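Chains as they are written, first to last, in our numbering: chain L, 1 to 207; chain D, 1001 to 1251. Comments concern the structure below.
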């Protein structure tokens, strides 16, 4: 435990290593940044929404605003939505040939039924993709319902459930956001053809 | 249609966008959080893209190419309003300026979608989405911080009071107002100012910020006539520094 205690490094990763201070318990430091929100993007009309990543924000509406530029700046899409990370209910993450649905049992019915969105992870390292909507009285029941209705043939490594009401969707009015100048190549490094220019320059020098 | 009137209109809009875009780009790498840094930088880039569209239109009307126009003029040849050239200061000022400027910008281009000058009407439709994002971004922040903490409210209030007289300078009338209105190229600065004031009142009304009475404010104008603060020339020098090393370089 004392191994790293005296280590003083400019690398923040080293400074985060456990030190002997851990032995004396202290309260966990308060979050020094905003909470996280999960961002889902729909690339084309008719395609399912796919999880793309997270943004930090003070609330759901700000998360939506920041997500738009963070995830759809260069690549156009038709719609995005966001949900507080704490609104995502996750199943176990499985390995090998184990299907995540195997661990889902009937939790019984509870509470008034509302709508939940269901997402599957079909390949480790890939993104969760929206597969459908179910009506249920709890997130657990939503997983159970999804097992009956949406499980499908393919192996699912992980399931996410979000109450529909917890999502900040793109409204019809917001759709305008993706109407932009088509001529935006100046934003891409590839438009500057640096390699070609360097080659031409070297050839002119070596002549 | 009077070309001089049209050119004057295009120049002032393009210069506003270029200077605002450049100023806002100075936040790149210094934003208050990574996501905001990305969003603010991206909008700054949009602004420069808009100015390129305007300068390209001017080139089609016989003016010099966009790079020459953007990088080789001196401060007194620029027609941007002074609001856009003011230094960034703290983030509260940059947000308030962004809010006041883009509220006007979105309304201006909404009006220009009806312009009888077809190329301008087309561009106005094309950049609608970007401006919609710019106003959404500005309004969401102002609503958030304008009602958050004592510090955020008092900071925004101070910046609002400082920025408002400059913001009114956006609407400094052009010598060609009547012609532009008569030719239905643009509905005019007076009409825009009226819409802008109503929108600003509505949005500030949703926060805990206090909007001073319009009568108590004296607009700071002059920018449209090439009269600028001491802040513009250093901005231009820095912006054109690389270009001027070799103006004939191909990028």
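Even glycine gets a Cβ: it sits at the ideal position worked out from N, Cα and C. Computed from a predicted model, the values in this text were never measured in an experiment.
Roughly how many angstroms separate the alpha carbons of residue 112 of chain L and residue 1201 of chain D, rounded to a whole number?
-> 42 Å
Taking Cβ to Cβ, would you say residue 101 of chain L is nearer than 9 Å to residue 151 of chain L?
-> yes
Pull up the CB-CB distance for residue 1106 of chain D and residue 1140 of chain D, whole angstroms please, since I reckon it's below 8 Å.
-> In fact, because the Cβ distance is near 14 Å, the residues do not count as touching under 8 Å.
Where the beta strand (DSSP E) through residue 208 of chain L begins and ends = With chain L represented from 1 up to 207, any question about residue 208 of chain L goes unanswered, as that position is not in the structure.
Decide if residue 199 of chain L is buried, meaning its Cβ has at least 16 other Cβ atoms within 10 Å, or exposed.
-> exposed
Consider the Cβ of residue 1057 of chain D: report whether some Cβ of chain L lies at a distance smaller than 9 Å.
-> no
Can you name the residues of chain L whose CB is closer than 7 Å to the CB of residue 1140 of chain D?
-> 61, 62 and 65
Verify the contact flag: residue 140 of chain L, CB atom, against every heavy atom of the ligand SAM, threshold strictly below 8 Å.
-> With respect to the ligand SAM, the structure offers nothing, as it holds no ligand at all.
Could you tell me whether the Cβ of residue 1126 of chain D comes closer than 9 Å to any Cβ of chain L?
-> yes
Using the beta-carbon count (16 or more within 10 Å), is residue 22 of chain L buried or exposed?
-> Confidence at residue 22 of chain L is low in this model, with a pLDDT of 49, below 50, so the placement of that residue is unreliable and no value is reported for it.
Check residue 59 of chain L in the structure and name its three-state DSSP category.
-> coil
For residue 1042 of chain D, which residues in chain L fall below 7 Å Cβ to Cβ?
-> 69 and 73
Looking at chain L, which residues of the region 1097-1131 of chain D have a Cβ within less than 7 Å of any of its Cβ atoms?
-> 1126, 1127, 1128, 1129 and 1130
Expressed to the nearest angstrom, what Euclidean distance is found between the alpha-carbon atoms of residue 51 of chain L and residue 1130 of chain D?
-> 24 Å
Taking 9 Å as the CB-CB cut-off, is residue 1210 of chain D touching chain L?
-> no
Among the residues of its own chain, which have a CB less than 6 Å from the CB of residue 132 of chain L, if the five just before and after it don't count?
-> 118 and 150
Cβ-based neighbour list, residue 1094 of chain D, same chain, cut-off 6 Å, excluding 5 preceding and 5 following | 1088
Between residue 169 of chain L and residue 1190 of chain D, what straight-line distance do the alpha-carbon atoms span, to the nearest angstrom?
-> 37 Å
How about residue 1166 of chain D and residue 1081 of chain D: do their beta carbons lie closer than 9 Å?
-> yes
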